[in-house]
Structure formats: structure tokens, C-alpha cells
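So the working numbering is basically just the index in the sequence shown, starting at one, shifted up by 1293. For every residue, glycine included, the Cβ atom is placed at its ideal position computed from N, Cα and C.
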Amino acid sequence: MAPRLQLEKAAWRWAETVRPEEVSQEHIETAYRIWLEPCIRGVCRRNCKGNPNCLVGIGEHIWLGEIDENSFHNIDDPNCERRKKNSFVGLTNLGATCYVNTFLQVWFLNLELRQALYLCPSTCSDYVTRDGVREEKDYEPQTICEHLQYLFALLQNSNRRYIDPSGFVKALGLDTGQQQDAQEFSKLFMSLLEDTLSKQKNPDVRNIVQQQFCGEYAYVTVCNQCGRESKLLSKFYELELNIQGHKQLTDCISEFLKEEKLEGDNRYFCENCQSKQNATRKIRLLSLPCTLNLQLMRFVFDRQTGHKKKLNTYIGFSEILDMEPYVEHKGGSYVYELSAVLIHRGVSAYSGHYIAHVKDPQSGEWYKFNDEDIEKMEGKKLQLGIEEDLAEPSKSQTRKPKCGKGTHCSRNAYMLVYRLQTQEKPNTTIQVPAFLQELVDRDNSKFEEWCIEMADMRKQSVDKGKAKHEEVQELYQRLPAGAEPYEFVSLEWLQKWLDESTPTKPIDNHACLCSHDKLHPDKISIMKRISEYAADIFYSKYGGGPRLTVKALCKECVVERCRVLRLKNQLNEDYKTVNNLLKATVKGNDGFWVGKSSLRSWRQLALEQLDEQDGDADQSNGKVNGSSFSKDESKEERKEEEEELNFNEDILCPHGELCISENERRLVSKEAWSKLQQYFPKAPEFPSYKECCSQCKILEREGEENEALHKMIANEQKSSLPNLFQDKNRPCLSNWPEDTDVLYIVSQFFVEEWRKFVRKPARCSPVSSVGNSALLCPHGGLMFTFASMTKEDSKLIALIWPSEWQMIQKLFVVDHVIKITRIEVGDVNPSETQYISEPKLCPECREGLLCQQQRDLREYTQATIYVHKVVDNKKVMKDSAPELNVSSSETEEDKEETKPDGEKDPDFNQSNGGTKRQKISHQNYIAYQKQVIRRSMRHRKVRGEKALLVSANQTLKELKIQIMHAFSVAPFDQNLSIDGKILNDDCATLGTLGVIPESVILLKADEPIADYAAMDDVMQVCMPEEGFKGTGLLGH
């Protein structure tokens, strides 16, 4: 099939030889491509948008063959959520709670602990009747023991593949979005559980934690002088083993128990010798628990960075651990077998994922617990697998040591759990108590109901899919129209009809209509011609409209398009003809007025207009002069297009008549105008005898009179106030003139506006009033002190001599008189000079203004500050970089800039001859002040300096993170200061630290640490570590 553009040209090729008035039905059908050959499936690879008869590649291929039922729905098989036979139940990860899930699975597979917890009395009886669990009330565990009971019961007998531990996590008050220290969690929870169970009456329950996990060792100190032994007994629930510098677990245990010498300053005070003596100290294992927890200290504190880091070194361990060489009392049974390995996957201490490999005590098979997913190991062997194949953080790759039979090595294991070997087989009949089983059965019933509901939804989707399959197979064969009656439907709708993922909506053909409510010829590329039979079924089943039958072919649009195409071909010849006609002199009254600008660009205007009409004629009716716009243009673009002048509109006056300026137009002959009218039939027409706009003539005369009047007023005011206009011989408050005791004050804004009028009286309106109310508070008091008017507020006021003030009162309407009087006080020579203002200063409003200004500097969002990095601790001096010393401590007059001409004062009103005074407020005056303050704090960056966007309520720690990204300096290496003040409170906000917009903060970077491979850790610790503070593990 020919390309789309070739089809377009072929559909309109007849327009070259057919005039618009000769367009026939055959031409219309050719333009709408009614009789193009339809495409054949298998020959045409994709849909031809230029051919309305091509019904190939619109999505039909998925329906025409045999279809798998599963393709009719997107609902997973609910049985996939069902627990597999002889498998364990997983736990949902609530965000970052994988560390909790691993310990829950380890504790669940401790059969003695599970059995003891089942024996705990529970409040569940309130929810259970003789007939079972009450349906109207959900069971909510009240204590930690009850939560563990319920979780363990679900893990044992639930039909679900995984369960939700959110009740347990919520009861502990854990943050589900923050990953915590797994080892610390284990310690704290065991302590909490032991404390909770200690209140139970049943000794098997009360002592279970100690029986299972508690051992005892002694700190033994031996005096080298007298040989006296001092013992300090201590219980332990896990042994914390240092792994740095070791490769085997046994080496770690040996180091834990090795002898330490107490010498020098660290000597031991012997009570027997009554003096400090050299001594030795070591740990002796006195008794070991049934379950031996060995914590491998992978997460250590890094003194260089001030944060934790992970040691990714390999440690070897065996499945059988003989502890007899390490205990003090020999002869007992101290052989342990490995029962669990807890893994941390990841190179950072602040991120990663926790999983657990746990041995089933009943079957002896190993399982990998990874939140919801549980994988059974093959051959009853522990397989650490990909957990040890993670990339190293450093460049030096460490090879995995070779492991013999029954031994393993890991660089991610952080806890090893060993169980004491016994000849007795573990109890295989741990029964869930009846009250807990009732709750489990209830949850299983809910799960079964959910499965049935999902299966029904799947079946409904399949039934709908099959019905749609039959519908498509039947209708698609009847879609082609051929020579029978036909209709048009959009390609988009047909594609959605064939799209199984979305429900079919009613047919909407409105977007394809022209201005005559028929099918637009340019939209034929997105339409398809289908049989009337298929259209009847579509509209009866899905509704919509309007229906586009053979009567929807628009003759008007085809004729207009024909005219446009012919004009485009004729344009170049007509351009030469018009140019020749313009050279001839127009005689008599036969000519027409045309704008000179329009004449210069008429060919371009015509071409643009024809292109727009050609591409989007449905929008261009009534907009024949090139102001049409396409459907996809934005509102702003349309507005700009509408504001552009069409042909000959450049000689229209505001009243729609012929403009009075003859310099902007010229006469053209009747022949030239007729040629131009072919392209611009709606252009304004002005014969040579047409009179100019009468209203414009009147306004012109009035304007000339006003201009003369304004010039006269300006000259009079300039001659009356020459020094004020030229800014010469101005009084100064800081150097009071000797020849007067009184000075008057006006707003600087008034002076600037007045000077603009005097300079350009023809363009500006006269200034009729002095708006001194802008300088006063709502109570009528002055807002400035004498000192401030000599410094930061001097740019807001203008001082007036008494003689000038008399003239100002004659020339302008003055709303308020403001003056400063100098008086001599006292009999002492020389006497003290005082300056009194009228009206007097309003202290409350002045203080409020200053407070508001300071508050504005402390309450900001997305303001710019600058960070300058100091190299080699060199002090930044004002001489070398004065820009660095801009701060809030400088006076306003050092930083303020003159307001530009035309900047409006919100409180200054000059309308209505100054008779109407605008109401002002304290807030309005503050807004007026802000204009100057905001412009006065601009800062020019220098080398080694970067701009950052900050807000007043963000903390210094958050700013340090921004600085880290900008300068690649870690937060703990940053030393920040502003105006000599050290910034070191990471939790304080920038507003409280005195950081204001445009401030410059100096950054001095410490020497970088050797390893920045864990820079992502910095992001994790941008807030201070709080661990389990505020959780139930600490009694909150």
C-alpha cells in the first residue's frame, strides 16, 4: 500500500483541474477515499491510516485464533496464595520489617518455646463461645504473649501461604519503614518476653526463656602477687563474638575467652594485698543453655565516620560445635548442632535485607525463610546460595574459602543458633490450644471465602471473554463495507473494542466533525469505513453517535479545500501580478485603501492562511485571514494568534473604522484589490472615498489640546521647583543646614513620579497629589525614627526646603504635612540640639514593622543562600572578596538599590485629582517596605561558591546533605560558620540559627576519610539514630 502522503495527494489530485463550483459527488467520494482497495490480512503488516478501508492490524489478531482462557482475566489463581503441603507459612514484609520476620520464624521453630507460649492463659475466651468464635467481634490480642500465641498458631495451622504480622509489630510500636538493628531487637525482645512470662504461675512457662537461652559465665580476676581469685557471676542469653581478624568461629570463641593482662595504669586493686597489683582477667563459661545464640559482631562503630559499618569478611563454622573445651566443668554434654543461620544481605549497615536459614527440628530439613517466600533446601543440607555471591564494596575481591564436609563459611551471617544434641526425638505432637485453633479456623474460613470470591471473578471474566471472542469473530468478518451501504467509525474506537483490557465505551464521533456537523475530510485518516450491518450492531449494543453515513460526506469542506489548493498553486503568479499593479498610479476614486504593513507581507499571510485552512479547515471557517488555530494548540498560543492582526486590519482604528494616519496606508487599484480579495475575502474594505473615523478625529484634537496643557503644567512646575527636579542643593538630616530649623518630608515615590511627568509630559499623566499617607501608620503616626531616616530609610523619603514646601502646597493636594523641627534645649553653652517630628513617631507600629521585617527574614521557603568553600583554612578578607561579607549585620543603605522608574507604590494613589485618599494599613506599608528590602539583598557569586535553595524550617542536618551533593563533602567532614558563628546543632532549623536569604555560609572541609564506598550510608543517617526509642521494647 502506498504511503500516507501519497494517498493524501492522490485523493486531491483532481483539484488541479476542477474548479470549486464544478465539484461533483465523484470528486467528494475520491476525497474521502471511499473506493480505495481494502488491505488483505497477511499481506498488509500494519494498519494503513491513510486508507479507511484497511481493517488489518487494529487488534483483531488476538481474537481470530484459539485463545487461552487465562488471557481473559488479570486475576491470579487464588490457589497460588494457598499453603503448600508439608511447607511452612511465610510472613509479610511491612516495609522494612524483614529483621522481625526472621526472628519470628526462628522462635517459632523452637518447639519448647512454642509449647510454653501455648500454655499461657489468654483473654481469647472473651471472644469464644461453646459454639465457636463470635462473628461480630474480631479478636485483638492484648499482650505480647497473646500476639505471639496467635502468630505461632497461624504459622502452624493456617491455610495461607503467608500471614500478616502487623498486629504484633504495631503492639511493639515499631516503625515499619525504618530498618533497625536485628541483634538489638533480639536482645530487647527476649528481655521483654522474659519479664512478661515471669508473672506466670506455671513454672514451665515462667522459666522457659531462661531454660532455653540463658547460660552463665564468670569474670575471673587472678592477682599475680597472692594468687587470689575474684569472681563476678553473670547470666547471658547470647555470646557476642568479635570477628575482626578471624576466619573461624572457634577462633572467635577462643578470643572471647582469652586471658587479659592488667598491668601499668590498668592494674587491679587486690583486697588481699590491699594494693594495686598486676593481674589476669578472663571469662569462664560455667553453664550453657539448650539453645546457644552466637552473635557475630558484623556491625561495628567506625571512629573515622562516626557511624556503623558492616564487616563483610568470611567466617567459617561447622554444623557440629563441641563446646566442652571452652567450659570450666568438664564431663557434661556440650555438643551442639547448627539449627539456624541468620543472614544480612547487603554491604551497608543501614540498608540490605534479612533472611534466615532454619532447620526443622522434626524432619531435620533446612528451609530458607525470606519473608513471604519459603524455600526447602535439597537433601537435608544447608545451602547458603546466592547470599554469598553479592558484590564486594571494595576493589579488592576476597575469595570464598573452601569448606569441607559439614562446614560452611559466610560473610553475611550475623547470628548462628546452635541446639544441644540429645538422643531424644523432639515432640512431634505440639497441639494448638482449642481457643487458638478456633481463631485459626475462623481466619481459614475467611481465606476460603476469599478464594471462592476470586475464583468467581475469574469465571465471570472468562465468560465475558468468551462472549467477546464470539462477537469479534462474527463481526470482524462483516466489518468490510464493499459496495453496500456504509458508515464511518473512528479507528481509535475500533481498537478499544478489540482491546480486552478496557471496557468498550459508547461511540463518540464528535471529534471528527467539521463546522457543518459532517465528517471532516482531513479526519478520514483516523476513520474506518464499515458495513451498515456492523454499525447497527455496534450502536445497538454500545450506543453513542452521531452516526456518519454516506450523507455525512461534507461537500462544503471539499469545495473549500479545492479552492485553497488551487489558490496555493496560483499564489506565486498572483504575487507578480499584484506587484506590477501596485506600480501603476491610481486615478480618480477607483482605488482602495490597504495597510502598508499588510502589503509588505501579504504573500506570507496568504501562504500561512492557506496552510492553516488546508490542515485544519474545520477551525478556520470565519477565520479566513490567517488567524485560525489547530486543535492541539494551548490556550496561550490561541490567544496570541487571536491578537495578531489579519490582512488590512493594520489600518483599523479602535472603533473599527479607517484610521486617520495616512502614513500607514496607500491606495491600490481596483484590479489589485480584487486579486487580494481572492485570498482575503473577509478583509476590511475601504474605498478611496471612505472617510476616516470621526471619533478618532475628535480624540486627536482633544489629545493635542491635552498635550499642550500638560507641557504648560510641566514647564510651570519645573520652573517653580528647579532644584527638586534636578536633585540639586538637597538638605540632609545627618548634616542639618544652618539657615533653617524646619524641613518637610514627602514620599520619594511622589518625587520620582513627578520627575517622570515633567520629563515626558506628553506620555505621562500629571501628578496631582502628595501621598504622604504612605509614610504614616494607621493611627496617623510617623513610621520612621530620625536615625533611620539618616540611614536605611533615607531612600524612602525626600527632604523639602520650606520655600519649596510653600510651592508644593500651591501646586498639589497635600493629604498630610510631615516636618522635622530643630530646637535648642538647655542653658548650657553649647546647648543640646533635639529634632522633633510632626506627626510624632508611633512606637508600637514602628516596633511592629521592625518585628515583621525580622520575621520575614526568619520565615521563608525556597530562598537562596550561598555556601563558600574555604580552601587550606585561608581566612576570607574583605579586601580580596568583599562579596563574601554581605550579611544581615550590614546596614540597609549599604545594600539598597534605587527603585526603578515605574515601580508602583501600593499605598500611593494619584487618581481622581488626589481627592480620594486610599485606605492604608500596617500590612500595606510592610509590603511597600519589602519591595526595597527584597531588591537590596542581591548577591554576586564568586569562585568556590554555590547557591542552594533552602527553607527556614529545614534543619542544619538537611542543609549538610544538600552541601554534600553540591561539594562532595560528607556531613561529618563539614565545618560550617556564618558571620564568625560556628553552626554545629544539626537538629536546629536554619531560621533559629540566623541563616537568612542571601546569607553566605563558609564551609571548611576536614580531611576526607580513606573509604567513601559507603557514602549511601550518609543518606541513611541524615537524622540522629534513635534505635528502639519510644517502642514497646523499652517499656513505652
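DSSP beta-bridge partners for residue i?
{"i": "ASP1595", "result": "HIS1600"}
{"i": "SER1527", "result": "TYR1510"}
{"i": "TRP1287", "result": "Absent from the structure is residue 1287, since the part of the chain shown begins at 1294 and ends at 2329."}
{"i": "THR2337", "result": "In this structure the chain extends from 1294 to 2329, so residue 2337 is not present and cannot be described."}
{"i": "CYS1563", "result": "SER1568"}
{"i": "ALA1633", "result": "VAL1651 and VAL1710"}
{"i": "GLY1699", "result": "GLY1699 pairs with nothing; no bridge assigned."}
{"i": "ARG2115", "result": "TYR2128"}
{"i": "HIS2161", "result": "GLU2238 and LEU2295"}
{"i": "ASP1801", "result": "GLY1838"}
{"i": "ASN1663", "result": "ASP1666"}
{"i": "GLN1541", "result": "GLY1609"}
{"i": "LEU1806", "result": "LEU1812"}
{"i": "VAL1782", "result": "LYS1821"}
{"i": "VAL1336", "result": "DSSP output for VAL1336 lists no bridge partner at all."}
Drop a sphere of 10 angstroms on the beta-carbon of residue i, count the other beta-carbons inside from all chains shown, and report buried for 16 or more, exposed for fewer.
{"i": "ARG1297", "result": "exposed"}
{"i": "PHE1562", "result": "exposed"}
{"i": "LEU1486", "result": "buried"}
{"i": "GLU1905", "result": "buried"}
{"i": "ASN1403", "result": "buried"}
{"i": "CYS2025", "result": "exposed"}
{"i": "TRP1786", "result": "buried"}
{"i": "SER2182", "result": "The predicted model places SER2182 with a pLDDT of 34, which falls under 50 and marks its position as unreliable, so this point remains unresolved."}
{"i": "HIS1948", "result": "exposed"}
{"i": "PHE1277", "result": "As displayed, the chain neither begins before 1294 nor continues past 2329, which places residue 1277 out of reach and without an answer."}
{"i": "GLY1508", "result": "buried"}
{"i": "ALA2067", "result": "buried"}
{"i": "ILE2294", "result": "buried"}
{"i": "SER1894", "result": "exposed"}
{"i": "TRP1400", "result": "buried"}
{"i": "ARG1692", "result": "exposed"}
{"i": "ARG2056", "result": "exposed"}
{"i": "THR1514", "result": "buried"}
Assuming residue i contacts residue j under a Cβ cut-off of 8 Å, what Cβ separation, rounded to an integer in Å, is found between them?
{"i": "PHE1529", "j": "TYR1510", "result": "6 Å"}
{"i": "GLU1780", "j": "ALA1828", "result": "4 Å"}
{"i": "GLY1335", "j": "GLN1788", "result": "At roughly 20 Å, the Cβ-Cβ gap does not stay under 8 Å, so GLY1335 and GLN1788 are not in contact."}
{"i": "MET2338", "j": "GLU1533", "result": "Nothing can be reported for residue 2338, as the shown portion of the chain is limited to 1294 through 2329."}
{"i": "VAL1338", "j": "VAL1382", "result": "One detail in the question is off: residue 1338 reads as Arg in this sequence, not Val. Contact flag wrong, Cβ pair sits at about 51 Å."}
{"i": "GLU2291", "j": "THR2157", "result": "7 Å"}
{"i": "ILE1723", "j": "ARG1407", "result": "6 Å"}
{"i": "SER2244", "j": "GLN2155", "result": "6 Å"}
{"i": "SER1415", "j": "PHE1728", "result": "6 Å"}
Does the CB of residue i have a neighbour CB from chain D at under 8 Å?
{"i": "ALA1727", "result": "Absent from the structure is chain D; it holds one protein chain and no more."}
Margin query: Closer than 8 Å is the cut-off here; do at least three beta carbon pairs connect the region 1695-1712 with the region 1602-1614?
Written below: yes
Note to self: Does the structure place the region 1747-1755 close enough to the region 1471-1479 that three or more beta carbon pairs sit under 8 Å?
What the structure shows: no
Check: Quick check: the region 1557-1573 against the region 1620-1638, are there 3 or more CB pairs under 8 Å?
Finding: Taking a cut-off of 8 Å for Cβ pairs, the region 1557-1573 and the region 1620-1638 do not touch, as fewer than three such pairs fall below it.
Note to self: Quick check: the region 1758-1767 against the region 1318-1331, are at least 3 beta-carbon pairs closer than 8 Å?
What the structure shows: no
Notebook entry, point to check: Counting Cβ pairs closer than 8 Å, one from the region 1834-1841 and one from the region 1797-1804, do we hit at least three?
Noted result: yes
Margin query: Measuring CB atoms only, is the region 1544-1556 touching the region 1663-1675, in the sense that at least three cross pairs come out at less than 8 Å?
Written below: no
Margin query: Taking 8 Å as the cut-off, does the region 1859-1873 touch the region 1299-1316 (at least 3 CB pairs, one atom from each stretch)?
Written below: yes
Next item on the list: Report the residue ranges of all beta strand (DSSP E) runs contained in full by the region 1714-1768; include only those spanning at least 3 residues, in chain order.
Entry: The qualifying runs do not exist here; there are none.
Check: Do the region 1868-1887 and the region 1955-1962 make contact, defined as three or more Cβ pairs closer than 8 Å?
Finding: yes
Notebook entry, point to check: Is it true that the region 1583-1599 meets the region 1514-1526, where meeting means three or more beta-carbon pairs spaced less than 8 Å apart?
Noted result: No, because fewer than three Cβ pairs between the region 1583-1599 and the region 1514-1526 fall closer than 8 Å, the two stretches do not touch.
Next item on the list: Mind the definition here: the region 2030-2044 touches the region 2086-2099 only if three or more C-beta pairs lie below 8 Å; say whether that holds.
Entry: yes
Notebook entry, point to check: Taking three-plus beta-carbon pairs below 8 Å as touching, is the region 1595-1608 in contact with the region 1640-1660?
Noted result: yes
Notebook entry, point to check: Do the region 2047-2058 and the region 2069-2087 meet, that is, are 3 or more Cβ pairs less than 8 Å apart?
Noted result: no
Next item on the list: Please determine if the region 2026-2033 and the region 2097-2106 are in contact, where contact requires at least 3 C-beta pairs separated by less than 8 Å.
Entry: no
Next item on the list: With a floor of 3 residues, list each beta strand (DSSP E) that falls wholly inside the region 2020-2073, ordered by position along the chain.
Entry: 2035-2040
Next item on the list: Say whether the region 1654-1664 touches the region 1384-1397, bearing in mind that this needs 3 or more beta-carbon pairs closer than 8 Å, one atom from each stretch.
Entry: Output reads yes: the region 1384-1397 touches the region 1654-1664.
Margin query: Which complete beta strand (DSSP E) runs does the region 1939-1988 hold, if anything under 3 residues is left out?
Written below: Every beta strand (DSSP E) of 3 residues or more that sits fully in the region 1939-1988 is shown, in chain order, as 1958-1961.
Next item on the list: May I ask you to verify whether the region 1813-1820 touches the region 1341-1351, counting CB pairs closer than 8 Å and requiring at least 3?
Entry: yes
Item checked: Unbroken stretches of the beta strand (DSSP E), 3 residues or longer, contained in the region 1818-1866 -> 1820-1824
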